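Asker:
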Amino acid sequence: MKVRVRFAPSPTGGLHLGGVRTILYNYLFAHHHGGEFVIRIEDTDRNRFVEGAEQYIMECLTWCGLEPDESPVKGGPFAPYRQSERKDLYRQYADQLVASGHAYYAFDTPEELENMRKEHRKDEYSAAQYDSRTRLLMRNSLTLSAEETQQLIADGTPHVIRIKIPENTTVTLTDMIRGEVSFDSSLVDDKVLMKADGMPTYHLAVVVDDCLMEITHAFRGEEWLPSAPIHVLLWEYLGWKDKMPQWVHLPLILKPDGNGKLSKRDGDRLGFPVFAMNWTDPKTGDVNMGFKEMGFLPQAFVNMLAVLGWNDGTEQEVMSMDELISKFSIDRVHKGGAKFDFEKAKWFNHQYIQQTDDATLAALSRPFIEANGVNPGEELLLKVIPLIKDRCTLLSDFWTQGHFFFATPELKEKAAITAKWNDTKVQFFTEWAASLTNITDWTEQALEESFNELAATIGLKKGEVMLPLRIMLVGGKYGPGVFAIAEVIGMEETVKRVNSALVEIAG
RNA sequence: GGCGCGUUGGUCAAUCGGCUAAGACGCCUCCCUUUCACGGAGGAAUGACGGGUUCGACUCCCGUACGUGCUACCA
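The structure is reproduced here in structure tokens:
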């Protein structure tokens, strides 16, 4: 049987790290087995629907290089791939369940439900849920006569369809990561399958669509494990038990500090992104930073995520997509949740920047450089990149580490010069700047030679004037070799920076 | 509260009964570098706890603790 997996996001906002990792594992698994990976949009909740979220999710997939085989935009043999467009499909299955006695109509108002919960919260069974012990106290087709039920429905009374969970049976399922997991059905409540607005809930929709779309392996976050028995029962009641997918409940990605599931607020609080790409909330206008915009390479981002909760058992951590596909296996996925480590994420990005060729880096880093109002020529950029790439962790570092190649810097660390400044040094720099116009061979080596000679002539140690020169050219105590910098920025600019620094120090 | 799941250095983790417990990130020291990084060489740092089973347990079993998830007409 052909492997078919799906990722089924709700279009409610930014695409979270955990979501991307679930997509990744789906993708790796599908490709490893020569199967198919489909995207299905679970937009059954009208209240939480966010305009633009679906398109955003698809853009994130493209950026990550995790293209699905079937999706709402791409189409496919099981279209449509949006649950809102499949709305009419679900009703018949819900009705089938009612007919077979596995589900029932419920007419309770939100107030009635609230009262029931409040009352039962205090009694001996603290669960306070709509289940075998309380369903007979409520207004539903189990407590109402068939006529009354028909009448209420005919009158258009708002109602839902609930699954009738059996009493005292054990529901067991096999999870590919955790093995056998069992639940006492008495502790599971009669979840709503069809909402009053005619939309199915996740529980019904996921089972129906997974069956209809011939999904063989269902990957999802561990937070779904507690509701898995409902799904297992549904597969059984619908008569599809032999087609039920293998379950794969993935461990959660946790906050780096403290405990708990990583949330978008942790990113804001700790200063790192949790979304793949920038997400702008259309209502509030708030922008949440994405890994892409922070300067991550998609390959690094994906690699980092792949090994957060999975490894191939060797010491290798940096792996290409092809390697990930061939090595991936579910039995090497960890059971426990993993705390997200932004430092490690940056380390991966640094690794990928080092192994990316300069022309590609030029194209990738250009937007981050131009965002600062400069527009370097390609030739210049290509000279700068090899000089600074090994000190760049994020693409944005090509600006922070190389801005002085593109624009005259401010003397931010002037104090480091003035602390040990004297007339001899003034003389040295004045003469050196003047002598530069005579250099015919404008190379790093020639520049250093002339610098050394003059220092010796004037009686200064090279070390005394190296740092001042660096600050004059760079503005601070960092960057590649000073003479290499001078070579790249050219004679005119070098002379200009030394002379204006002299003026600024004197003033 | 109930139920589920989990627990190897600060973090990601290897180990599938023989351990003097890999490796990576981060941290510290030194080297390289008349800057800052990169790089190189070292270093500190680990089996939640208690019982079993076993010649032998980080590995298997039970309990406890802790953590976490769920407990909506949200997914």
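Numbering (this note's numbering), first residue to last: 180 to 686.
Here a beta-carbon is modelled for each residue, glycine too, at the ideal position from N, C-alpha and C.
Remember, predicted model here, so these are calculated numbers, not experimental data.
#1: CA-CA distance, Leu559 and Gly450?
#2: Between the Cα of Glu643 and the Cα atoms of Glu401, Phe480 and Trp600, which residue gives the shortest distance?
#3: Report the rounded CA-to-CA distance for Leu413 versus Phe475, giving the unit in angstroms.
#4: Alpha carbon to alpha carbon, how far is Ile342 from Ile332? Give it in angstroms, no decimals.
#5: In chain order, what are the residue ranges of uninterrupted beta strand (DSSP E) at least 3 long that sit wholly in the segment 256 to 302?
#6: Thinking C-alpha only, which one of Met180, Arg183 and Gly192 is nearest Thr463?
#7: Ignore the nearest five residues each way along the sequence and tell me which others in Asp730's own chain have a CB closer than 6 Å to its CB.
#8: If you draw a straight line from the C-alpha of Gly660 to the C-alpha of Ser442, how long is it?
#9: I need the straight-line Cα distance from Glu740 to Pro555, nearest angstrom please.
#10: Quick one: Cα of Glu290 to Cα of Glu298, how far?
#11: May I ask which residues mark the beginning and end of the alpha helix (DSSP H) holding Asp388?
#12: Mind checking which residues open and close the alpha helix (DSSP H) that includes Gln330?
#13: Looking at the unbroken beta strand (DSSP E) that takes in Met500, where does it start and where does it end?
#14: Taking just the CA atoms, how far does Thr395 sit from Tyr272?
#15: In the segment 461 to 493, which residue ranges form an unbroken beta strand (DSSP E) of at least 3 residues, counting only runs that do not cross its ends?
#16: So, helix, strand or coil for Asp363, using DSSP?
#17: By a C-beta neighbour count over all protein chains shown, 10 Å radius and 16 as the cutoff for buried, is Met180 buried or exposed?
#18: CB-CB under 6 Å to Tyr531, same chain, minus the five flanking residues each way: which ones, in chain order?
#19: What does DSSP give as the partner residues of Thr353 in its beta bridges?
#20: Rounded to whole angstroms, what is the Cα-Cα separation between Val674 and Lys604?
#21: Which whole-angstrom value describes the C-beta separation of Gly214 and Val252, a residue pair presumed to lie in contact below a C-beta threshold of 8 Å?
#22: Cutting at 8 Å between CB atoms, please list the residues of its own chain near Lys640, excluding the five before and the five after it.
#23: Taking only three categories from DSSP, how would you classify Gln530?
#24: Measuring alpha carbon to alpha carbon, tell me which of Pro188, Gly686 and Gly197 ends up nearest Pro430.
#25: DSSP state of Trp458, grouped into three classes?
#26: Would you call Ser279 buried or exposed, if buried means 16 or more other Cβ atoms sit within 10 Å of its Cβ?
#27: List the residues that DSSP assigns as beta-bridge partners of Val184.
#28: Three or more beta-carbon pairs under 8 Å between the segment 508 to 518 and the segment 349 to 358, yes or no?
#29: Pop quiz: Ala307 and Val339 are said to be a contact at Cβ under 8 Å. What is the actual Cβ separation, rounded to whole angstroms?
#30: Under three-state DSSP, which class holds Asn347?
#31: Alpha carbon to alpha carbon, how far is Ala680 from Leu648?
#32: Within the segment 226 to 252, note down every full alpha helix (DSSP H) run reaching 4 residues or more, in order along the chain.
#33: I believe Thr223 touches Ser263 by the beta-carbon criterion, under 8 Å. Please report the beta-carbon distance rounded to the nearest angstrom.
#34: Hey, which unbroken runs of the alpha helix (DSSP H) at 4 residues or more fall wholly within the segment 579 to 606?
#35: In the DSSP output, which residue or residues are listed as bridge partners for His195?
Answerer: Looking at the atomic coordinates:
#1: Walking along the first sequence from the start, residue 559 turns up at place 380. Walking along the first sequence from the start, residue 450 turns up at place 271. Each residue's alpha carbon lies about 32 Å from the other.
#2: Indexing the first sequence from 1 puts residue 643 at position 464. Per the Cα distances, Trp600.
#3: In the first sequence, counting from the first residue as 1, residue 413 sits at position 234. In the first sequence, counting from the first residue as 1, residue 475 sits at position 296. Answer to the nearest angstrom: the Cα atoms are 42 Å apart.
#4: The residue labelled residue 332 in the question sits at position 153 within the first sequence. The residue labelled residue 342 in the question sits at position 163 within the first sequence. Roughly 18 Å separates the two Cα atoms.
#5: 282 to 285
#6: For the purposes of this step, residue 463 is identified with residue 284 of the first sequence, where counting begins at 1. Out of Met180, Arg183 and Gly192, Gly192 has the C-alpha closest to the C-alpha of Thr463.
#7: Nothing about residue 730 can be reported from this structure: the residues present for the chain run from 180 to 686 only.
#8: Here residue 660 refers to the residue found at position 481 of the first sequence. Here residue 442 refers to the residue found at position 263 of the first sequence. So the two alpha carbons sit approximately 42 Å from each other.
#9: Lying before the first or after the last residue shown, residue 740 is absent from the chain, which here runs from 180 to 686.
#10: Here the question's residue 290 lines up with position 111 in the first sequence. Here the question's residue 298 lines up with position 119 in the first sequence. Answer to the nearest angstrom: the Cα atoms are 12 Å apart.
#11: As a first step, residue 388 is located in the first sequence; it is residue number 209 there, counting from the start. Segment Tyr381 to Leu391, the alpha helix (DSSP H) holding Asp388.
#12: Walking along the first sequence from the start, residue 330 turns up at place 151. Ala325 to Ala333 is the extent of the alpha helix (DSSP H) around Gln330.
#13: Here residue 500 corresponds to residue number 321 of the first sequence, with the count starting at 1. First-last for Met500: Met500 to Lys506, but that is the alpha helix (DSSP H), not the beta strand (DSSP E).
#14: Position 93 of the first sequence, counted from the start, is the residue given in the question as residue 272. Position 216 of the first sequence, counted from the start, is the residue given in the question as residue 395. Taking the straight line joining both Cα atoms gives about 20 Å.
#15: none
#16: Translated into the one-based positions of the first sequence, residue 363 becomes position 184. Reduced to three states, the DSSP call for Asp363 is strand.
#17: Within the first sequence, numbered from 1, the residue matching residue 180 stands at position 1. Label assigned to Met180: exposed.
#18: Locating residue 531 in the first sequence gives position 352, counting from the first residue. For Tyr531, where only same-chain residues beyond five positions count, the Cβ hits under 6 Å are Leu476, Gln478 and Ala479.
#19: Locating residue 353 in the first sequence gives position 174, counting from the first residue. Looking at the DSSP assignment, Thr353 forms a beta bridge with Glu359.
#20: As a first step, residue 674 must be located in the first sequence, where it is residue number 495. As a first step, residue 604 must be located in the first sequence, where it is residue number 425. So the alpha carbons of these two residues sit roughly 16 Å apart.
#21: The count along the first sequence starts at 1 and reaches residue 214 at position 35. The count along the first sequence starts at 1 and reaches residue 252 at position 73. The Cβ separation is near 20 Å, so there is no contact.
#22: For this step, residue 640 is matched to residue 461 along the first sequence. The answer, listed in chain order, is Ala634.
#23: Reading the first sequence from its first residue, position 351 is the one you call residue 530. Helix.
#24: Reading the first sequence from its first residue, position 251 is the one you call residue 430. Of the candidates Pro188, Gly686 and Gly197, the one whose C-alpha sits nearest the C-alpha of Pro430 is Gly197.
#25: Against the first sequence, residue 458 aligns to sequence position 279. Strand, per DSSP.
#26: Translated into the one-based positions of the first sequence, residue 279 becomes position 100. Its Cβ having fewer than 16 others within 10 Å, Ser279 is exposed.
#27: As a position in the first sequence, residue 184 is number 5, starting the count at 1. Bridge partners of Val184: Phe216 and His396.
#28: yes
#29: Reading the first sequence from its first residue, position 128 is the one you call residue 307. Reading the first sequence from its first residue, position 160 is the one you call residue 339. At roughly 18 Å, the Cβ-Cβ gap does not stay under 8 Å, so Ala307 and Val339 are not in contact.
#30: Counting from one through the first sequence, the residue named residue 347 turns up at place 168. Asn347: coil per DSSP, three-state reduction.
#31: Counted from its first residue, the first sequence places residue 680 at position 501. Counted from its first residue, the first sequence places residue 648 at position 469. Taking the straight line from one Cα to the other gives about 9 Å.
#32: 232 to 243
#33: Stepping through the first sequence from its first residue, residue 223 is reached at position 44. Stepping through the first sequence from its first residue, residue 263 is reached at position 84. That belief holds up - the Cβ atoms of Thr223 and Ser263 are roughly 7 Å apart, short of 8 Å.
#34: 582 to 585 and 593 to 597
#35: Your numbering for residue 195 matches position 16 in the first sequence. DSSP, once it has assigned bridges, lists Phe454 as partnering His195.
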